[in-house]
Amino acid sequence: MFPTVSPHDSLLVCLKPAATACFLVIGHNRLAAARCFSALEASYKTYVSYAPGLPVDPELLYRIEQGQVAYLETTEAVVALSQLDQLDVVCVTDTLSNMPQRRSSESCREISDYCKRRRIHLNIVDHTDLNTISFPATHRWRTGNTGHALQVAVNTFGKGCRLGTRIKREIISALPTEIGQAVDNVAAIRTKIAELSVEEEEDNEAPLNSPVQQFSPGNHYFQQESPEEVKIRRMKWVAQVSEYWPIKTLGRLRQQDMDRILADFDGTLHALNLSAPSPAQPHGPPRVLLIGSGPGHPGLLTVAAHNAIKKADLILADKLVPSAVLALVPASTELIIAKKFPGNAERAQQELQELALQFCQEHETGTVIRLKQGDPYIYGRGGEEVLFFRKHGIDAIVIPGISSAIAAPLLFDISVTQRGVSDSLILCTGVGRLGKTSIMPSYKRARTLIVLMGVARIGELLTALTGSPVQDAENVTTTREGDAYPPYLPIALIERGSSKDQRMVLSTLAGIEEAIKRVGDQRPPGMLVIGWCCLALQGEGHVNVTEADGIAAGEAGDRARVQAVLGDAGYLVQEGLRENWQAFLEEQQTIM
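Throughout the sequence shown, residue numbering follows full-length UniProt numbering, covering 1 to 592 in sequence.
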């Protein structure tokens, strides 16, 4: 009939200390600073004690210097305890297992005995058997300057602190972002009612749906209600609003909405109906989305990008956005494609930015999309556009895309990082801005180099990689720092990655130019992948390049590895999506 008592559970309370109550932290580390901060936020008189000469956390020193925390200098913790008369809580933090000068267990027991005799709350880190209180993982929603109306705490009582922190994160992420403001708004309504009432009625005085006098068209009880009865009815109404209205609606209440909730009954059956305030425009003022369209195939668009494209009012696309992606744009949506040609890239970008800005200035609501190839922040000039719109008071939303720098090699079974082959990668461009020299990194056997926008200057790029570094030479736009790349190093030219006509030309630094001439027409956009990763998953695999035996084989072993894959031709070509990949991507488009 009644719940069973669990006597070993802890009591969960929110403590509001007396004005004279003291909080003592024994320790000098980062955790000590955090405990002091928590005590200060709870309006405790806060003290800290540690032996002189110890390295002290910078925040803790700052709070001592600012007079927010009082320092008790002593080497004996019990001495510090005895100096405070109104001591309410003691927290010991210099017991962490990773501290070089960790407090002894004997000292912890002395502190525990002292606190028990004087009924002082105690928490000693990593000594749960001595604790009378524990600190939960907390989050506070600050919505103004008057403190935190809403707080969430998760407590495992020392049995899983990291898990408790994770659970707290899960709770926060599951709650609407407006929840803190919702609590503040409901509190504001209750305050308005309390100002009109002699005594505020507690929420739990009566059940949420307890009977009240019912109105009817012919019932004039409304006119006969006393002021106090009206106020009580309003308080019950606030309870209804708190229970049934969406939290997002509560969080977005404006002053006029609150006034409407508290408006006098006008004698109709339901003067204060339970419908939420009329929603605002779906997106408020006009917004700008910078969207990455991915490597090319519509099936590799993110869900967010796909949905946005379907619902946008205006789409401003870069020239290299594939036609298959542009085909997703509804016929009713205006689509403008950049007029990019060699030497005009920056001006074309500026024109699209100005069109987006013009849209925002001429419309009260709506969405304009700047559609970019790959990812907006991977050589997509997305950062420049974010700053442009921010300068004009627009906070653009950036939706990431799958970068061709990673996706295109994958579609040809090139793993840009691979154990035993490549443990790092460098992504760079072969085109310096405004003619500036582009500097290639030095050769590292266990590193992959990915070059975007370098195919048009591949001859100069190859010279820079394999030749001697050129310093301050005229008409040189690409050079290198550090060690040269061996001429037999594999290189893959990948064109139109993820498109039906994608192509890879795999060769070596010494043979790639001739291979490109042999395969004929170029298929921009293209990219270059340079390094041993190009061979790693070919055939039965070549994944011992950086292992001891692979290194010991030397140049002869490396050349043999290349010969085994490329054969006498010195290059190989792969075209199109694999049949299983093609079927899978078409299936994704059908779902969308």
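Beta carbons are placed, not taken as given, at the ideal position from N, Cα and C, and that holds for glycine. As the structure is a computational prediction, the values presented were derived from the model and not from experiment.
* Cβ of residue 81 within 8 Å of Cβ of residue 90? -> yes
* Range of the contiguous beta strand (DSSP E) that encloses residue 47 -> 45–50
* Buried versus exposed call for residue 492 [16 or more other C-beta atoms within 10 Å across all chains shown] -> buried
* Asked: Taking only runs of the alpha helix (DSSP H) that begin and end inside the stretch 517–583, which ones reach a length of at least 4 residues, in chain order?
  -> 533–536, 548–552, 554–566
* To which residues of the same chain is residue 445 closer than 8 Å at the C-beta, ignoring the five residues directly before and after it? -> 532, 545, 546, 551
* Classify residue 418 as buried or exposed, calling it buried when 16 or more other Cβ atoms lie within 10 Å of its own Cβ. => buried
* Can you tell me which of 387, 465, 305, 6 puts its alpha carbon nearest to the alpha carbon of residue 442? => 465
* Residue from 241, 163, 185 whose Cα sits closest to the Cα of residue 149 -> 185
* Beta-carbon separation of residue 573 and residue 538 under 8 Å? -> no
* Quick one: what does DSSP say residue 272 is sitting in, helix, strand or coil? -> For residue 272, the pLDDT reaches just 44, beneath the cut-off of 50, and the residue's location in the model is therefore unreliable, leaving the point undetermined.
* Asked: Quick one, which of 389, 16, 28, 66 has its alpha-carbon nearest residue 42's?
  -> 16
* **Nearest residue (CA-CA) to residue 580, options 20, 420, 412** => 412
* Pull up the CB-CB distance for residue 536 and residue 451, whole angstroms please, since I reckon it's below 8 Å. => At roughly 19 Å, the Cβ-Cβ gap does not stay under 8 Å, so residue 536 and residue 451 are not in contact.
* To do: May I have the straight-line CA-CA distance separating residue 542 from residue 561, to the nearest angstrom?
  => 8 Å
* Once you ignore the five residues that flank residue 114 on each side, which residues in its own chain have a CB closer than 6 Å to its CB? -> 78, 81
* **Local conformation of residue 488 per DSSP, three classes** => coil
* Output yes or no for whether 8 Å exceeds the beta carbon distance between residue 31 and residue 101. => no
* To do: Specify whether the stretch 365–378 and the stretch 398–414 touch according to this definition: at least 3 beta carbon pairs, one from each stretch, less than 8 Å apart.
  => yes
* Mapping DSSP to helix, strand and coil, what is residue 509? -> coil
* For residue 235, does the three-state DSSP call read helix, strand or coil? -> helix
* Asked: Roughly how many whole angstroms lie between the Cα atoms of residue 111 and residue 448?
  -> 58 Å
* residue 152 versus 12, 85, 21, residue with shortest Cα-Cα distance -> 12
* Asked: Nearest-angstrom Cα distance between residue 270 and residue 230?
  -> With a pLDDT of 42 at residue 270, under the threshold of 50, the modelled position of that residue is not reliable, and no figure is offered here.
* Tell me whether the beta-carbon of residue 251 lies closer than 8 Å to the beta-carbon of residue 298. => no
* To do: Please say whether residue 334 and residue 314 have beta carbons closer to each other than 8 Å?
  => yes
* Can you tell me which of the three DSSP states residue 586 falls into? => helix
* Which one or two residues does DSSP pair with residue 438 in a beta bridge? -> 478
* Round the Cβ separation of residue 524 and residue 495 to the nearest angstrom and send it over; I've been treating them as touching at under 8 Å. => 7 Å
* Can you name the start and end residues of the alpha helix (DSSP H) that residue 383 belongs to? -> 382–391
* **Three-state secondary structure (DSSP) of residue 378** => coil
* To do: Measure the alpha-carbon distance for residue 288 versus residue 361 and round it to whole angstroms.
  => 12 Å
* Asked: Exposed or buried, residue 108, counting other C-beta atoms within 10 Å across all chains shown (16 or more means buried)?
  -> buried
* Buried versus exposed, by CB contacts within 10 Å (16 or more), residue 67 -> exposed
* **Through-space distance from residue 99 to residue 128, alpha-carbon basis** => 18 Å
* So the alpha helix (DSSP H) residue 59 belongs to, where does it begin and stop? -> 58–65
* Asked: Just curious, the beta strand (DSSP E) that residue 138 is in, first and last residue?
  -> 137–142
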